[in-house]
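A.B. asks:
Number of protein chains: 4
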Amino acid sequence: MTGDAPLSVADVTRLAEDRLPKELWDYVSGGSGAETTLAANRAALDTVAVLPRVLGGFADASPATRLLGTDASLPLAVAPMAYQRLLHPDGELAVAEAAEIAGVPYVVSTLSSVRLEEIAKVGAATWFQLYWLRSRPLVEDLVARAEEAGCRALMVTVDVPIMGRRLRDLRNSFVLPDEVVAANLEEGSAGRAHELVDGGSAIAAHTAEAFAPNLGWADLEWLRTRTRLPLVVKGVLDPRDAARAVESGVDAVVVSNHGGRQLDGAAPSIDALPAVVDAVGGRCEVLLDSGIRSGTDILRALALGARGVLVGRPVLYGLAAGGVRGVGQVLSLLATELRDAMTLAGCADVAAARTVSTVRTVRAR
Amino acid sequence: MTGDAPLSVADVTRLAEDRLPKELWDYVSGGSGAETTLAANRAALDTVAVLPRVLGGFADASPATRLLGTDASLPLAVAPMAYQRLLHPDGELAVAEAAEIAGVPYVVSTLSSVRLEEIAKVGAATWFQLYWLRSRPLVEDLVARAEEAGCRALMVTVDVPIMGRRLRDLRNSFVLPDEVVAANLEEGSAGRAHELVDGGSAIAAHTAEAFAPNLGWADLEWLRTRTRLPLVVKGVLDPRDAARAVESGVDAVVVSNHGGRQLDGAAPSIDALPAVVDAVGGRCEVLLDSGIRSGTDILRALALGARGVLVGRPVLYGLAAGGVRGVGQVLSLLATELRDAMTLAGCADVAAARTVSTVRTVRAR
Amino acid sequence: MTGDAPLSVADVTRLAEDRLPKELWDYVSGGSGAETTLAANRAALDTVAVLPRVLGGFADASPATRLLGTDASLPLAVAPMAYQRLLHPDGELAVAEAAEIAGVPYVVSTLSSVRLEEIAKVGAATWFQLYWLRSRPLVEDLVARAEEAGCRALMVTVDVPIMGRRLRDLRNSFVLPDEVVAANLEEGSAGRAHELVDGGSAIAAHTAEAFAPNLGWADLEWLRTRTRLPLVVKGVLDPRDAARAVESGVDAVVVSNHGGRQLDGAAPSIDALPAVVDAVGGRCEVLLDSGIRSGTDILRALALGARGVLVGRPVLYGLAAGGVRGVGQVLSLLATELRDAMTLAGCADVAAARTVSTVRTVRAR
Amino acid sequence: MTGDAPLSVADVTRLAEDRLPKELWDYVSGGSGAETTLAANRAALDTVAVLPRVLGGFADASPATRLLGTDASLPLAVAPMAYQRLLHPDGELAVAEAAEIAGVPYVVSTLSSVRLEEIAKVGAATWFQLYWLRSRPLVEDLVARAEEAGCRALMVTVDVPIMGRRLRDLRNSFVLPDEVVAANLEEGSAGRAHELVDGGSAIAAHTAEAFAPNLGWADLEWLRTRTRLPLVVKGVLDPRDAARAVESGVDAVVVSNHGGRQLDGAAPSIDALPAVVDAVGGRCEVLLDSGIRSGTDILRALALGARGVLVGRPVLYGLAAGGVRGVGQVLSLLATELRDAMTLAGCADVAAARTVSTVRTVRAR
C-alpha cells in the first residue's frame, strides 16, 4: 500500500478503486438489479443511533469473544468470498494470513481460488462455506475435506438458489481470467465461469450448473446428522426461517442479504436483525453481514442483538490495495474502531455491547 | 433495437427517450401537475423491502398464474394504453403479438389506434378496457363488439371523469398526428384529439367530449347485468370503494393512480394496496399498477397482497425502441426478473409470493 | 403578462422572479431565520397523499362554498398582505378586483398601501385584517372604519407580537419606497418603514413601534363584544389555543405559520391542522394557509379538515407578473386545478372533499 | 470582525472558515469517524417543529433564568472547550469576557490554554469542567483550585474515556503550536499534545496519557462528598445513566454527544433528550448541547424539556472571527434570536418555553 496509511475503510475503498481494473471493481463493489438493497444497507445502518453508557469504571474495552466456539479477537469473521485471487496473486492465502494475525476466523468459500486444505494450513481459525453442489457425493466429499483440513465450522449459504442479476458484470461481459479457478471443485466444472454465455453472466451460469437450486430443510437436517462441526445457515432475513433453522439444529444463523448481491429489494439486514434475534430467543448464535464498514457498524449490530458480524468487501479492498498487509490494515482499522466505539459507548466487553440501547434517527445525508 | 441488448427496463427507457421526439417522450413518460405522484410511485416502491424465505426445496419458481380466469405466464397484464401507433407504426398489433408470445393478457384500450377486432385476432388473451362513452348505445355497442371479438374480461376505468392536467403536453401543444385515430370510435369523435383547443389539451378536450364524466355505481351495476365477462374496475385507491366494488359484483379491482397521470397528489398505489386487500378480503382479485418497473416491483406488489400487476409505460418504451421485438424484450426481462426474484425470495409460485413479509425501510437515494 | 400563458403557480412564480428587483423578490418570497419552516411547509404538503373516491355519479364538481357566511366560488380567500403597491402600481385595487371577478373574498391588510375604504368599493367580498395597534382608540377606529366600509369579517393576526427575523431583508437593507405607505394609518406612523434602523429591519421597527406586542385573550374577548362581524383569529398552531379561541367566541381560526415568515422552526401548518380540527370539534370554521400552491394543496387541506385556505404569495406573484390580469390568472389556475382535483378525487362538493382519506407517504424529491 | 455584521451563526461560521488555517478549521468544525453524528445533530434538530402559543398578553419575553443556582441572562452557558488560544491570542480571556458582558456562565475547560484562576478573575460566572486525571491528588488539586478561584459549579465530562477518532486531525497531522499549552496542568503533561505520535493524533495521545480512562460511578460519588459545588455530569444520552447520576447526587446532567466528536453513530442529543427528562423526573437539571446554532434551537431544546443549553463551536467561530467582540456578537445573536423565538412562540419566560408542544416533521432539505 503506497501513500498515507488509510484511516478508514472508505480510504481503503478508494485505494482499491484506483488500483483495480473497472470490471473487477464493478464485480466486487456492485450489487444486483438497481442496487437498491446495496444502497439501503448503508442508509439503514446510518440511521441506527446508539445511546452510549458512561462511567463504567473500566479501562480497556475488550472486543474479544467466541464465535461458534472459536476464539476471536473481535466479534468478526472474514465473510466467505469466491475467487480471491482475482484481487491479488496471493488471494485466499493472504487474506487467511491476515485473519490469523488479527485473530479472527476466516471463512473459506466453496469457490475459493486456492484449495481449502492449503488455506486451512495458514493458521487462522478456518470455517468452511458450503455451496450445495448438485451431486450429493460431492457435497459429502467437500464436507469431509473441510473436516479433515481442520475447519471448525460449516456455513451453508442458503440465499443463492441462483445468482442475483448483477448488471455491471453483464455490461462488462465479466469472465474469470484463466488463472483463477474454483480450486476446490473438479476442473471441468471450474472452467465454466471463464466463458461468456450467450447474453448472460459466466459466473451465474457456472453457479446454475454446479449448485443445487432446490436446497431444502431436509438437506440441512441431513447435513446436521453428518457432521459434528458447528453448523451455520447464512442468508436468513425472515424470523420464521430463523426459528426453523434453530429447530433444524443449527448453531448460528447469519442475517444477510449477501451484500445486496442477490435479491434486489431485499431488506437491509440491520432492519431484519431484531425480529430474527427475537425469534431465535438465544437458542443459537445470530451473526450479521451486509454493509458493515466500521467499528461503529459492528457496535450497531451488537446493540441490536447480533453476536458478531461477517465482513466482506472491505477485506477484498484491502487485498487489492496491499495484499496481506492491506487486509491486515483493514482488520486492524476495524479492531481499533470497534475497541474505541465500545470504550466510547461504555461497553467493557461484547456482552455489554449487546445491552446498549439504540434509536432510529432521521437520515442526515 | 440497436446496440447492446437492454438489461433492465431502465435501459429500454433510455433507448426510447433517445429515439422519440420530445413531445412523444413527454406524452408517454410525463404525469399530471407537479408530477408528485409520478415520483412518489417510485419512491414508495423503493422503500418496500422484502424478507426472502430460504430452503424452500424447489428448483424452479413458476410465475405462471391465472388472472380473471385467464392463464398468464406471469402475474402481469399489459395495461390499457391509448394510441399505441404513436410509438410505432405497428402499434397495438405489435404489443399484442409480443404479449401473445410472452403469454400474458393484453388489455385493449377504448382509445386503441387499431380496431379491437383486429387486435383480438393477434392471439393474445385480450381484455377490453372501457372508457364510458356519453352515449349508452355506444357503450353497449363497444361491449358487444368486445364480447364478439373474444375479449375475456371487461375493465372499466373509473379514474378518468376528466383527464388530469398534464403540463408537458400543454407546453408542447401536443396533438395526435393525422394518421393516429381512435379506431374503435366513430370518425367524428375520433378527430377531436387532433386539433389544438384554445389554451387546453387536445386529448383532454376529446376525453371531455367523448366520455361520460358522471359515471356512477349504478352504471357499473347495470353493466354487471349486461355481460358475463369478468368485470374489473380500474383506478381504485380507497378501501371503501374497493368494498363497494365487490358488492357491485366486480371480479377484480385495479389499485392504480393511472401512473401519476390523473390526480397529482394521489397516493402511491403501493401505499394504498394493503388496505384495499384487507377491505376486499379475498372476495375479488386485486391487481395493481403505477410504477412497476422490475420483477422485484412485481414481487413487492404480490407480497403486499396483489394477485398481479399491470405494466404500462415500459411496454410503450419497448414498442418505441424496437416494435414487437422491443416489447418482447421488456416482457422477457420482467419475466426473467420476476422468476429470479421469486426464486431468490424462496417463492415456488405466485401463491407463495403473497405470503412473503415486507418491512418499510429508509429511502436510500 | 408576456409570453406563454402560465400553466401553474410555479410558472407565475418564475415570471415574478424574473420581473421583480431582487430585494422585492426576497421580501415576498423569503422567510425568517434559516427558512426551515418555509421549506417544511412544502415538504410536508408534498407527503400528504390523497385516496380519491370513484364512481360518484356526478358531472361537475362544485368548489363553491361559504366562508364565514360569505359566498365564495371556491374555498379560498386572498390572504392579508401588506403593501401590495410594492408589486404593482395598482396594488390592492388590482388584487381586490381580480378577487371580485374570481368570486373569492379579499382580506385587506391593516398595512394596505391603499385605504381600506377604497379597496372595499372594488366589489369583492372584503374582510379586514387587524394588526392590533398600541393605541386602543386607533383599534376602535380601524374596526369602525372596516364595519362602515362594508367589510364582512374581522381577522385578527395573532402571530406577529414582533416581526420574524427575515435575513434577506436585513442583507438587502430593504426599506419601503417613498410612494408606498401604510394608507390606513396616520402618516407619522406609516413613515417609519421607509428608513433604515441601525442594524435592523425598517419594517420590523415599524411593526414594533406601531403594534401592540402584548395582545391577550382579554383583548380578543373585548373585541368580540365590540363588533358583530364574524371574528377570525389568524396564526394558531397549537390545539389548546384553538380551543381557547372557540371559547372566546371566534367564528374561525386560521392554522398558519405566516408562510414561514415568523417563527423559524414552527410546525408546517398542514402538520398542525388535524389536531386543531379535532380540538375545535366543529364549533368554528378552520382555515389554513402557508404553502398552498395548487388545487391539490387545497384538496389536501380540505381532506385534513380545513374549511378553506388563504393564499398569499401566489397572488403577489400574479400581481407582479401582470397586475389584475396576472392575479386573475393565478386565481383562475387555482380554481381550475381545484375543480379538476375534486373531480378526480370524486368529490362533488367541498363537504365531500372533507371526507376524503389521506396517507403520509415518503418524500420523493 | 470586518465587513457586514453577521446576521446568524451561519454568517459567523463562514467568517471563521475564511479566516482560519484549514487545520484549525478542521479541528474545530470536524467530528469523529464518518461524521454521521455531527450531521445527524443538525438533521434531527431541523425536524423538531414547534407549535407556538398565541395571545399570551405579555410584552417582553424574558429568557433570563438560573442554571445551577447561577443567574444567567439566557438559558445558555459557554461549553467547555480546550485550548481557546488556538483561535485567538486572547483565548479564554476573550470568551470569558464576552460571556461576562452577555451575562451567561462560562465553563472553563481542564485543558484551557489560560490558567483557570486568571479566567475566573474576568468576572463571568465561571464553572469548571473536569477531565479526570489519572492522578487522584491532581484531581483533588484541580477541584480545590476551582473552588478557590470562585468557580460556581463543577462539570465532569464522562464521554471521553478516550478521544474519538477525528480523521481530519489525523490527515492534517494536527499538533498544538508551541505557544498553546494546557495551562492548568503541569508542564510535562501539557507538552504532549505538541508532538506527533506515530500514526495517531497528538491530542488523542495526550488525552490517553493524562486522563483516567476508567472513571466510574464510585469516583463521581467520591467527588460528590468532596465538594459543595453543584455537580454536573456532561455526556449522558442513556436515560438509565441519567437516573443513576441523580442517585449519585448530581445537580445536573448534560445530554450531549460532544458535538459529534466522540462516538460516531451516537444518537443526536435532541433525540435522546425526552427520555432523559422523563428518567430524571425533575430531580436534577437537564442541559443539552451538540448542534445548537440558533435561538430556535434553544427553544426546541427547552420545549423538549431541557433547562438550558451549552453552546460550543459558534463561540469559537466568533472568537476566530473577532476576539471578544466576535464572541459577543455570537452571544448577542443567540440572545436576540431566543428572545424573538420565545416571543413568537408565546413564551413569556423559560418556564413557559418548556410547556410548548412539538411535532416531528419531514426533513425538508
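Chains as they are written, first to last, in the working numbering: chain R, 1 to 365; chain X, 1 to 365; chain E, 1 to 365; chain A, 1 to 365.
Each residue gets a CB set at the ideal place from its N, CA and C atoms; glycine is no exception.
Going by DSSP, what residues sit across from ALA72(R) in a beta bridge?
C.D. replies: Its beta-bridge partners are THR65(R).
A.B. asks: Just checking: is the beta-carbon of THR157(R) within a distance shorter than 7 Å of some beta-carbon in chain X?
C.D. replies: no
A.B. asks: Buried or exposed, going by whether 16 or more other CB atoms sit within 10 Å of the CB of PRO89(A)?
C.D. replies: exposed
A.B. asks: Of all Cβ atoms in chain R, is any one closer than 7 Å to the Cβ of PRO75(A)?
C.D. replies: no
A.B. asks: Determine, using beta carbons only, whether GLU100(R) and ALA124(R) come nearer to each other than 7 Å.
C.D. replies: yes
A.B. asks: Express the C-alpha separation of ALA321(E) and ALA102(E) in angstroms, rounding to a whole number.
C.D. replies: 18 Å
A.B. asks: Starting from LEU302(E), follow the alpha helix (DSSP H) in both directions and report where the run begins and ends.
C.D. replies: 295 to 303
A.B. asks: Checking contacts by CB at 7 Å: is THR47(E) closer than that to chain A?
C.D. replies: True, the Cβ-Cβ gap to chain A drops below 7 Å.
A.B. asks: To which residues of the same chain is LEU116(E) closer than 7 Å at the C-beta, ignoring the five residues directly before and after it?
C.D. replies: Closer than 7 Å at the Cβ level, and outside the excluded window around LEU116(E), lie VAL108, PHE128, ARG145, ALA146, ALA149, ASN184.
A.B. asks: For GLU285(X), which three-state DSSP category applies?
C.D. replies: strand
A.B. asks: Would you say ALA40(E) and PRO274(E) are within 7 Å of each other, going by their C-beta atoms?
C.D. replies: no
A.B. asks: Contact criterion: CB-CB distance below 7 Å. Does PRO21(R) meet it with respect to chain A?
C.D. replies: no
A.B. asks: Following the continuous beta strand (DSSP E) through ALA129(X), name the residue where it begins and the one where it ends.
C.D. replies: The question names Ala, yet the displayed sequence has Gln at residue 129(X). Residues 126 to 130.
A.B. asks: Which of the three DSSP states is assigned to MET342(R) in this structure?
C.D. replies: If DSSP states are grouped into helix, strand and coil, MET342(R) belongs with the helices.
A.B. asks: Helix or strand or just coil, what does DSSP make of THR388(A)?
C.D. replies: Only positions 1 to 365 of chain A appear in the structure, and residue 388(A) is not among them; the question remains open.
A.B. asks: Cβ of VAL309(E) within 7 Å of Cβ of ASP340(E)?
C.D. replies: no
A.B. asks: Check VAL350(A) in the structure and name its three-state DSSP category.
C.D. replies: helix
A.B. asks: What residue from GLY235(R), ALA245(R), ARG228(R), THR227(R) has the CA that sits closest to TRP217(R)'s CA?
C.D. replies: ALA245(R)
A.B. asks: Hey, how far is the Cα of ALA77(E) from the Cα of ASP241(E)?
C.D. replies: 23 Å
A.B. asks: What residues from chain C crowd round VAL50(A), counting only those whose CB sits closer than 7 Å?
C.D. replies: In the structure shown, chain C cannot be found, because the protein chains are R, X, E and A.
A.B. asks: Cα-Cα, which of ASN172(X), ALA301(X), VAL236(X) is closest to LEU7(E)?
C.D. replies: ASN172(X)
A.B. asks: Would THR157(E) pass as a contact of PRO105(E) if the rule is Cβ separation under 7 Å?
C.D. replies: no
A.B. asks: Name the chain X residues that come within less than 8 Å of GLU337(E), Cβ to Cβ?
C.D. replies: GLY33, ARG165
A.B. asks: Does any residue of chain R have a CB that is nearer than 7 Å to the CB of ASP340(X)?
C.D. replies: Closer than 7 Å: yes.
A.B. asks: Could you pull the start and end residues of the alpha helix (DSSP H) that TYR27(E) belongs to?
C.D. replies: 22 to 29
A.B. asks: Answer with buried or exposed for ARG278(A), where buried requires no fewer than 16 other C-beta atoms within 10 angstroms of its C-beta.
C.D. replies: Correcting the residue identity first, residue 278(A) is Asp in this sequence and not Arg. Exposed, since its Cβ has fewer than 16 Cβ neighbours within 10 Å.
A.B. asks: Run down chain R in chain order and give the residues with a C-beta less than 8 Å from the C-beta of ARG228(X).
C.D. replies: Correct list: empty, because the minimum Cβ distance to chain R is about 39 Å.
A.B. asks: Taking 6 Å as the cut-off, is the C-beta of LEU215(A) nearer than that to any heavy atom in the ligand SAH?
C.D. replies: Although the ligand SAH was asked about, the structure shown includes no ligands whatsoever.
A.B. asks: Where LEU287(R) and MET81(R) are concerned, what is the direct C-alpha to C-alpha distance, given to the nearest angstrom?
C.D. replies: Take the alpha-carbon of LEU287(R) and the one of MET81(R): they are about 16 Å apart.
A.B. asks: Between which two residues does the alpha helix (DSSP H) containing THR207(E) stretch?
C.D. replies: Segment 202 to 210, the alpha helix (DSSP H) holding THR207(E).
A.B. asks: Touching or not, the region 253 to 263 of chain E and the region 202 to 222 of chain E, by the rule of three or more beta carbon pairs under 8 Å?
C.D. replies: no
A.B. asks: At the 7 Å Cβ level, is PHE128(A) part of the contact set with chain E, yes or no?
C.D. replies: no
A.B. asks: Which residue's Cα is closest to the Cα of TRP132(A): GLU209(A), ARG152(A), LEU237(A)?
C.D. replies: When each option's Cα is compared against that of TRP132(A), the closest is GLU209(A).
A.B. asks: With contact counted as at least three CB pairs below 8 Å, one residue from each stretch, are the region 57 to 71 of chain R and the region 345 to 358 of chain R in contact?
C.D. replies: yes
A.B. asks: Does the CB of PHE58(X) have a neighbour CB from chain R at under 7 Å?
C.D. replies: yes
A.B. asks: Using 10 angstroms around the beta-carbon of GLU35(X), count the other beta-carbons present and answer buried if the total reaches 16, otherwise exposed.
C.D. replies: buried
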